[in-house]
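Trainee: The following block contains the structure, expressed as structure tokens.
Numbering (our numbering), first residue to last: 6 to 359.
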């Protein structure tokens, strides 16, 4: 082996090993760092306002972090407290009254007709709808119980990660611009390609974070308030679930209010079922159909099927933060492909012969 080849091989091995060790060191905090990045992007315009007024980056960053802390600790403390209470109540309801509710549904005329039709199709087969309903209720109760136990076990870890996130957020706000310039300078692309990649990333940030979260919060709020005014259980829990599912294409918040309508109708609560259906179709779904084109437009330039897979794949791989990271990574990958797309040849003007 030539000396220069040996030098290159050893250098790459050392660099690769160091980066691997660096990744192992930082990997326990990747989720925390990602949340800090997302919050710094969301509140960076507010930081720029304070920086323009105060002229000191660390003061502007500290004030922005305090405001974010107030916004999170204030409303979100109530939401988290309500969620814990409602999750525990839902688990208790499933354990104690689940079979009673199932029996009530089975006694309703609507369910009897539906069961009769299903039985006519499954005649001669070993299908027991009652047994299937009981098994499903047991599975739901068991799953909710496991989630509650895991939630309380991770309270201390959550508190520590919360503090680390805000410390990281402070430095991302203060030094984020310098860090971005440092990364962009070292990307192996031409200046125009870097500008194109940065523009694409900003468009996706606006589309996914500002547009997606705004639509999710609106749908979750309206859905939760509808559950509350109709007297349905756990409005904060189901409203929060609708806010998260609003980010998922095709199904969205209908995955919550749709089954709720069916359950209400099967329980003979026809008025509540119809009201929830009308609000779900004409209000909650229309928010997505009307506001999404206004807030997001064609910024994502991602096919709906790709968005669907990137959201679910991101959540599976990264956890809850994956609903943001999944589409962002998909969009950046497509942007890189666009950068390396061969340029179309420019037609040369014909020169007339003399």
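Think of the CB as a built atom: it goes at the ideal place given N, C-alpha and C, for glycine as much as any other residue.
Please confirm if the segment 32-44 is in contact with the segment 166-185, defined as three or more CB-CB distances below 8 angstroms between the two stretches.
Mentor: yes
Trainee: Is residue 261 closer than 7 angstroms to residue 247 when the C-beta atoms are compared?
Mentor: By the CB criterion at 7 angstroms, residue 247 and residue 261 fall inside the cutoff.
Trainee: With distances taken between CB atoms, is the gap from residue 336 to residue 189 smaller than 7 angstroms?
Mentor: no
Trainee: Nearest-angstrom Cα distance between residue 238 and residue 288?
Mentor: 21 angstroms
Trainee: Taking 8 angstroms as the cut-off, does the segment 316-335 touch the segment 160-176 (at least 3 CB pairs, one atom from each stretch)?
Mentor: no
Trainee: One question on the structure: do residue 251 and residue 258 come within less than 7 angstroms of each other, judged by their Cβ atoms?
Mentor: For the 7 angstroms CB-CB criterion, residue 251 and residue 258 form a contact.
Trainee: What whole-angstrom Cβ distance do residue 66 and residue 49 have, given they're in contact under 8 angstroms?
Mentor: At roughly 10 angstroms, the Cβ-Cβ gap does not stay under 8 angstroms, so residue 66 and residue 49 are not in contact.
Trainee: Pick out whichever of 327, 326, 312, 324 has its Cα sitting closest to the Cα of residue 339.
Mentor: 312
Trainee: Ordered along the chain, which non-local residues of its own chain (more than five positions away) have a Cβ less than 6 angstroms from that of residue 217?
Mentor: 252, listed in sequence order.
Trainee: Taking the alpha carbon of residue 329 as the reference point, which residue from 28, 47, 8, 25 has its own alpha carbon closest?
Mentor: Restricting attention to 28, 47, 8, 25, the CA atom closest to the CA of residue 329 is found in 47.
Trainee: Alpha carbon to alpha carbon, what distance is there between residue 245 and residue 325?
Mentor: 13 angstroms
Trainee: Take residue 34 as the anchor and find which of 72, 323, 310, 291 has the nearest alpha-carbon.
Mentor: 323
Trainee: Name the residue from 283, 309, 331 whose alpha carbon lies nearest to the alpha carbon of residue 227.
Mentor: 283
Trainee: Could you pull out every residue in the same chain whose Cβ sits closer than 7 angstroms to the Cβ of residue 206, ignoring the five residues on either side in sequence?
Mentor: The residues are 337.
Trainee: Going straight from the alpha carbon of residue 344 to that of residue 231, what length do you get?
Mentor: 47 angstroms
Trainee: Taking buried to mean at least 16 other C-beta atoms within 10 Å of its own C-beta, is residue 204 buried or exposed?
Mentor: exposed
Trainee: Report the rounded CA-to-CA distance for residue 18 versus residue 199, giving the unit in angstroms.
Mentor: 28 angstroms
Trainee: DSSP on residue 224, reduced to helix/strand/coil?
Mentor: helix
Trainee: Alpha helix (DSSP H) containing residue 283: first to last residue?
Mentor: 275-284
Trainee: When the Cα of residue 290 is compared with those of 234, 270, 221, which residue comes out closest?
Mentor: Per the Cα distances, 221.
Trainee: Could you round the C-beta distance between residue 240 and residue 229 to whole angstroms and report it? I think they count as a contact, below 8 angstroms.
Mentor: 5 angstroms
Trainee: If you count every other CB in all the chains shown that lies within 10 Å of the CB of residue 21, and 16 or more means buried, which is it?
Mentor: exposed
Trainee: At a cut-off of 6 angstroms, would you count residue 174 as near the ligand ADP, judging by its Cβ distance to the nearest heavy atom?
Mentor: In the structure on display, the ligand ADP does not appear, and there are no ligands present to speak of.
Trainee: Taking all protein chains shown into account, decide if residue 279 is buried (16 or more other Cβ within 10 angstroms of its Cβ) or exposed.
Mentor: exposed
Trainee: Going by DSSP in three states, residue 213 sits in which element: helix, strand or coil?
Mentor: helix
Trainee: Quick one: residues in its chain with C-beta nearer than 7 angstroms to the C-beta of residue 38, no 5 flanking neighbours on either side, listed in chain order?
Mentor: 173
Trainee: Have a look at 70, 332, 60, 26 and flag the residue whose alpha-carbon is nearest the alpha-carbon of residue 176.
Mentor: 70
Trainee: Taking the straight line between their C-alpha atoms, what separation do you get for residue 31 and residue 275?
Mentor: Their backbone Cα atoms lie some 54 angstroms apart in a straight line.
Trainee: Nearest to residue 166 by CA position, among 272, 294, 36, is which residue?
Mentor: 36
Trainee: Name the two residues that bound the continuous alpha helix (DSSP H) containing residue 244.
Mentor: The continuous alpha helix (DSSP H) containing residue 244 extends over residues 240-250.
Trainee: Which stretch, first to last residue, makes up the alpha helix (DSSP H) that contains residue 259?
Mentor: 259-271
Trainee: Once you ignore the five residues that flank residue 341 on each side, which residues in its own chain have a CB closer than 8 angstroms to its CB?
Mentor: 202
Trainee: For residue 129, which three-state DSSP category applies?
Mentor: Because the pLDDT at residue 129 is just 49, under 50, the model does not fix this residue reliably, and the point stays unresolved.
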